[in-house]
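As numbered in the working numbering, residues 17 to 157 make up the sequence shown, in order.
Reviewing the structure listed below.
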Amino acid sequence: MQWVYEDTSIDWHELSNLYRIAPLGEKKPEDLRVVFANSRYKCFVLDNGRLVGVGRALADGRDCAYLCDVAVHPDHQGSGLGRAVIGKLKELAAGHRKIILYANPGKEGFYARLGFLRMCTAMAIFADQARAVQTGLVEEP
Ligand SMILES: CC(C)(COP(=O)(O)OP(=O)(O)OC[C@H]1O[C@@H](n2cnc3c(N)ncnc32)[C@H](O)[C@@H]1OP(=O)(O)O)[C@@H](O)C(=O)NCCC(=O)NCCS
């Protein structure tokens, strides 16, 4: 496995496809290029040149790092790669006072195994609030 921490050689269409099949939804190649460029930390895992693992983190260098867009190719799920990606992002974000994320519904147990605790006061505004409610990311009062 080859680990890469910058995105100059990344094929954004291949990454978009990885998210589609992981699955983590539809993410446009051009949007991925922008969000990864604006992320302080990123890691890509390649197996014989094929993208099989990914994750990124927004971070301010002192207080808060926010992990997002973590995914592992279905052929590699269940073999510890997701744990390794989170471990690397935690290592890159070491020194921040907090590392936060929101789990895809059903993935809370994965993050709990890796030491994350449920946030009791997390609040969010989504561009599509109705869909966020529908998919279980937030709840209406
Ligand atoms: C979630 C995901 C990244 C996990 O990656 P993975 O490589 O399959 O996970 P690992 O093999 O590293 O698993 C690490 C541990 O978490 C556990 N685990 C994995 N998925 C889990 C889940 N959904 N619920 C509870 N535990 C889970 C594993 O059993 C393993 O436990 P162990 O160390 O005690 O044996 C991967 O399944 C994926 O890409 N899913 C689709 C995209 C997605 O939902 N990403 C998360 C966005 S928030």
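Here a beta-carbon is modelled for each residue, glycine too, at the ideal position from N, C-alpha and C.
Margin query: I'd like to know whether the C-beta atoms of residue 97 and residue 61 end up nearer to each other than 8 Å.
Written below: Yes.
Check: Taking C-beta to C-beta, are residue 38 and residue 121 nearer than 8 Å?
Finding: no
Check: Is any heavy atom of ligand 1 found at a distance shorter than 7 Å from the C-beta of residue 120?
Finding: Under cutoff, so the answer is yes.
Next item on the list: Rounded to whole angstroms, what's the CA-CA distance from residue 27 to residue 150? Just pull it up for me.
Entry: 32 Å
Notebook entry, point to check: When the Cα atoms are used, what is the spatial distance from residue 42 to residue 83?
Noted result: 18 Å
Next item on the list: Verify whether the separation of the beta carbon atoms of residue 92 and residue 70 is less than 8 Å.
Entry: In this structure, residue 70 does not lie closer than 8 Å to residue 92 by Cβ.
Next item on the list: Could you pull out every unbroken alpha helix (DSSP H) segment of at least 4 residues lying fully inside the stretch 61 to 101, listed in chain order?
Entry: Complete alpha helix (DSSP H) runs here, min 4: none at all.
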